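Engineer: Structure in structure tokens, see below.
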Amino acid sequence: MEHVSLFMDLDNIIIDKNAVVYLTKDFCEKYMIFPYKVEGDILYLASIKPLNSHWIRELKFITKKNIEYSICDKSQIINLINYYYGKDSADRALQELQHENNNSEISGKLEKEETELLKGPVITLVDSIVYNAVVKGASDIHIEPFKTYVTIRYRIDGALEKFNTYPKVIYDSLTTRIKIMSKMDISKKHYPQDGKFSKVINDGEFDFRVSSLPTVNGEKFVIRVLHRSDNTLTLSSLGFKNNWCTVIEELLKNRQGLIIITGPTGSGKTTTLYSMLKHINTSCKNLVTVEDPVEYVLEGVNQVHVNNQSGLTFANTLKAILRQDPDIIMVGEIIDEATAETAIRAALTGHLVLTTLHTNDAASTVNRLIDMNIASYLISDSLLAVVAQRLARKVCKNCKESYNPNKSERILLGINEGTQLYKGKGCPKCNGTGYKGRVAVYEIMLVNERHKKIICSSHNSEDLKRYSINNGMIPLKECFRQLVINGDTTLEEYLCNLQEFNLSQVMEVSYAI
10 MEHVSLFMDL
20 DNIIIDKNAV
30 VYLTKDFCEK
40 YMIFPYKVEG
50 DILYLASIKP
60 LNSHWIRELK
70 FITKKNIEYS
80 ICDKSQIINL
90 INYYYGKDSA
100 DRALQELQHE
110 NNNSEISGKL
120 EKEETELLKG
130 PVITLVDSIV
140 YNAVVKGASD
150 IHIEPFKTYV
160 TIRYRIDGAL
170 EKFNTYPKVI
180 YDSLTTRIKI
190 MSKMDISKKH
200 YPQDGKFSKV
210 INDGEFDFRV
220 SSLPTVNGEK
230 FVIRVLHRSD
240 NTLTLSSLGF
250 KNNWCTVIEE
260 LLKNRQGLII
270 ITGPTGSGKT
280 TTLYSMLKHI
290 NTSCKNLVTV
300 EDPVEYVLEG
310 VNQVHVNNQS
320 GLTFANTLKA
330 ILRQDPDIIM
340 VGEIIDEATA
350 ETAIRAALTG
360 HLVLTTLHTN
370 DAASTVNRLI
380 DMNIASYLIS
390 DSLLAVVAQR
400 LARKVCKNCK
410 ESYNPNKSER
420 ILLGINEGTQ
430 LYKGKGCPKC
440 NGTGYKGRVA
450 VYEIMLVNER
460 HKKIICSSHN
470 SEDLKRYSIN
480 NGMIPLKECF
490 RQLVINGDTT
500 LEEYLCNLQE
510 FNLSQVMEVS
520 YAI
């Protein structure tokens with residue numbers, strides 16, 4: 010008995026884990042099918058196309074079940090295969106590698122030829138770790154050694170999630186493989202190293218930036234995952250509303266001046282810079298960047314990777330760039346007085362300069378520059394705008410559900426009884442977290458003549474912030490609040506990201522959650 014149903018949306022189906030065990034990952038990938046439910050003697054499958062009689066017979070023979078199937082979207086099937094079978098290849102490689110290490114002591118023999126170290130299941134294990142990071146949308150891979158085990162964690166949408174734990178016996182082979190791929194010195198384990206490698210995964214080109222750090226339990230590795238041709242780098246895709254996209258696009262038409270993106274580490278500053286560069290990148294302009302490191306390669310942009318060891322610092326590179334007839338200069342980060350002074354003088358001499366700085370809000374940027382011994386009149390003359398931002402995890406659209414907030418939550422957000430908030434209950438699309446993707450939370454301080462007077466006279470950040478809000482700036486806290494109310498993110502993210510709350514209020518609401 011077999012039966013085919015019309016097109017079915019897998020996002021609306023609860024997956025029966027008992028059905029998954031009837032088929033292997035390899036078989037599912039070969040025929041692009043996925044078992045999502047079993048009832049009695051019937052196994053229900055999702056397929057991208059009708060199954061012919063030969064396949065049906067093979068499936069019935071393998072599963073000992075009658076087959077019913079529905080036509081489903083290919084991307085949904087791939088996501089489910091990766092989610093439910095993701096660890097299979099890594100686990101098989103682990104078993105082989107443990108057996109190999111226990112019998113040949115490969116991990117302790119650095120004198121073996123590289124070709125020997127490149128053989129066997131260790132390749133499968135590392136490739137599986139990297140592959141799963143890409144398909145799960147991870148930005149970083151953490152490989153952490155402890156006394157008796159090694160933990161693999163992925164940073165997905167800003168939060169670390171555990172992928173797997175392996176016994177310590179495979180650690181040396183695992184790290185040696187990573188070092189060889191990254192062109193790092195496999196014999197040196199007691200000081201930090203940096204390396205990189207590239208891979209093509211699912212038709213996408215990826216760069217992997219590797220950093221090692223010696224710890225008491227061995228070298229810890231962090232691998233940054235970078236999509237070489239990320240076509241999503243637009244202001245609107247980052248979460249900027251249409252009216253603010255227009256404001257920023259108008260700012261980018263200036264022939265000279267300074268635009269600063271500010272926020273803590275991991276707040277998406279560099280990504281916003283790249284989206285700006287992508288918007289203004291035309292054949293009639295000379296765009297030059299100085300970065301540490303170059304995270305995305307942009308076609309038509311001259312990108313320079315600083316190298317402090319050879320004297321190619323931010324400040325020195327900036328001075329060289331000014332002799333290259335640039336129209337637009339992007340400085341990855343203002344890290345010291347020399348870089349700040351050169352960037353500002355460039356902004357005053359006919360160049361549009363885009364850069365980042367570490368401050369908590371837009372108004373504090375002026376004080377940070379003054380702390381770097383930059384004269385207030387130079388800041389006021391050069392500064393066009395400051396964009397302060399954070400990144401908030403977005404509620405997964407697939408498993409999004411509403412709930413009624415309690416009294417403490419309503420008071421915190423200033424909403425009326427009856428207003429509903431949203432959260433994700435967890436599903437395969439979001440790896441069970443309830444979150445999928447991130448959205449920018451921002452405040453934009455547009456500098457006008459009144460701002461310039463405040464900067465030159467008192468350069469008081471509170472005065473700047475107060476005037477900016479009165480002049481139409483929506484502060485970070487309010488932007489975040491609106492995202493929660495609109496269902497884009499959750500109250501949990503609101504509490505985790507903003508430091509403006511007093512501690513007792515945060516604790517009260519957290520306890521209520």
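In this text, residue positions in the sequence shown follow this note's numbering: the first is 10, and each later residue adds one. Virtual Cβ for every residue (Gly too), placed ideally from N, Cα, C. Predicted, not measured: the structure shown is a model, and the values here were computed from it.
Pull up the CB-CB distance for Val375 and Tyr451, whole angstroms please, since I reckon it's below 8 Å.
Structural biologist: Not really, about 18 Å apart at Cβ, beyond 8 Å.
Engineer: Quick one: give me the first and last residue of the alpha helix (DSSP H) that Tyr93 is part of.
Structural biologist: Lys83 to Tyr94
Engineer: When we look at the beta-carbon of Cys293 and count the other beta-carbons within 10 Å, is it buried (16 or more) or exposed?
Structural biologist: By the neighbour-count criterion, in which 16 or more other beta carbons inside 10 Å mark a residue as buried, Cys293 falls on the exposed side.
Engineer: Tell me whether the segment 436-451 and the segment 482-494 touch, counting them as touching only if at least three CB pairs, one residue from each stretch, are closer than 8 Å.
Structural biologist: yes
Engineer: Going along the chain, which residues of its own chain have a beta-carbon closer than 8 Å to the beta-carbon of Ile379, five neighbours each way excluded?
Structural biologist: Ser385, Ile388 and His468
Engineer: Taking a contact to mean a Cβ-Cβ separation below 8 Å, would you say Lys282 touches Asn290 in this structure?
Structural biologist: Contrary to the premise, residue 282 reads as Leu rather than Lys in this sequence. Not closer than 8 Å, so no.
Engineer: Have a look at Met381, Val219, Thr72 and Pro273 and flag the residue whose alpha-carbon is nearest the alpha-carbon of Asp194.
Structural biologist: Nearest C-alpha to Asp194: Val219.
Engineer: Expressed to the nearest angstrom, what Euclidean distance is found between the alpha-carbon atoms of Asn88 and Ala329?
Structural biologist: 47 Å
Engineer: Can you tell me whether Asn252 is helix, strand or coil according to DSSP?
Structural biologist: Of the three classes helix, strand and coil, the one that applies to Asn252 here is helix, per DSSP.
Engineer: Thinking C-beta only, is Ile464 closer than 8 Å to Leu366?
Structural biologist: no
Engineer: Go through its chain and collect everything with a Cβ distance to Gly359's Cβ below 8 Å, but skip five positions before and after it.
Structural biologist: Result list for Gly359: Arg264 and Gln265, in chain order.
Engineer: How big is the Cα-Cα spacing for Asn75 and Ser84?
Structural biologist: 25 Å
Engineer: Which first and last residues belong to the alpha helix (DSSP H) in which His63 is found?
Structural biologist: Start and end: Ser62 to Thr72.
Engineer: So within the segment 214-249, which uninterrupted beta strand (DSSP E) runs reach at least 3 residues, ignoring any that extend past its ends?
Structural biologist: 227-236
Engineer: Identify whether Glu502 lies in helix, strand or coil by the three-state DSSP scheme.
Structural biologist: helix
Engineer: Need the endpoints of the beta strand (DSSP E) that Arg164 sits in, please.
Structural biologist: Tyr158 to Ile165
Engineer: Can you give me the C-alpha to C-alpha distance between Lys438 and Asn407, rounded to a whole angstrom?
Structural biologist: 7 Å
Engineer: Since Val234 and Phe215 should fall inside the 8 Å C-beta cutoff, what is the C-beta to C-beta distance between them, to a whole number of angstroms?
Structural biologist: 6 Å
Engineer: Give the C-beta separation of Val159 and Ile152 to the nearest angstrom, bearing in mind that I take them to be a contact with Cβ-Cβ under 8 Å.
Structural biologist: 7 Å
Engineer: Would you kindly work out how many angstroms separate the C-alpha atoms of Lys403 and Gly433, rounded to a whole number?
Structural biologist: 9 Å
Engineer: Which partner residues of Asp203 appear in the DSSP bridge assignment?
Structural biologist: Ser220
Engineer: Mind checking which residues open and close the alpha helix (DSSP H) that includes Glu350?
Structural biologist: For Glu350, the enclosing alpha helix (DSSP H) starts and ends at Glu346 to Ala356.
Engineer: Closest to Leu60 by CA distance: which of Phe43, Gly49 and Glu48 is it?
Structural biologist: Phe43
Engineer: If Thr348 sits next to Leu327, beta carbons under 8 Å apart, how far is it from one beta carbon to the other, in whole angstroms?
Structural biologist: 7 Å
Engineer: Could you please give me the residues that DSSP links to Pro302 through a beta bridge?
Structural biologist: According to DSSP, Pro302 shares a beta bridge with no other residue.
Engineer: Give me the residue from Ala168, Gly227 and Tyr503 with the minimum Cα distance to Leu422.
Structural biologist: Tyr503
Engineer: Since Cys254 contacts Leu242 with CB under 8 Å, what's their CB separation in whole angstroms?
Structural biologist: A Cβ-Cβ separation of about 13 Å leaves Cys254 out of contact with Leu242 under the 8 Å criterion.
Engineer: So is Val340 buried or exposed if we call it buried at 16+ other beta carbons inside 10 Å?
Structural biologist: buried
Engineer: Going by C-alpha to C-alpha distance, which of Leu134, Pro201 and Lys192 sits closest to Asn173?
Structural biologist: Leu134
Engineer: Check whether the segment 160-180 touches the segment 135-149, counting contact only when three or more Cβ pairs, one atom from each stretch, lie closer than 8 Å.
Structural biologist: yes
Engineer: Going along the chain, which unbroken runs of the beta strand (DSSP E) with 3 or more residues stay wholly within the segment 369-452?
Structural biologist: 392-404, 409-412 and 430-433
Engineer: Would a C-beta distance cut-off of 8 Å place Leu307 and Lys278 closer than the cut-off?
Structural biologist: no
Engineer: Report all residues from its chain with a CB closer than 6 Å to the CB of Ile24; omit the five preceding and five following residues, and keep chain order.
Structural biologist: Tyr45
Engineer: What is the residue span of the beta strand (DSSP E) that Phe43 lies within?
Structural biologist: Ile42 to Glu48
Engineer: Could you tell me whether the Cβ atoms of Ser477 and Met454 are closer together than 8 Å?
Structural biologist: yes
Engineer: Can you tell me the Cβ-Cβ gap for His314 and Glu300, rounded? I've got them flagged as a contact below 8 Å.
Structural biologist: 6 Å
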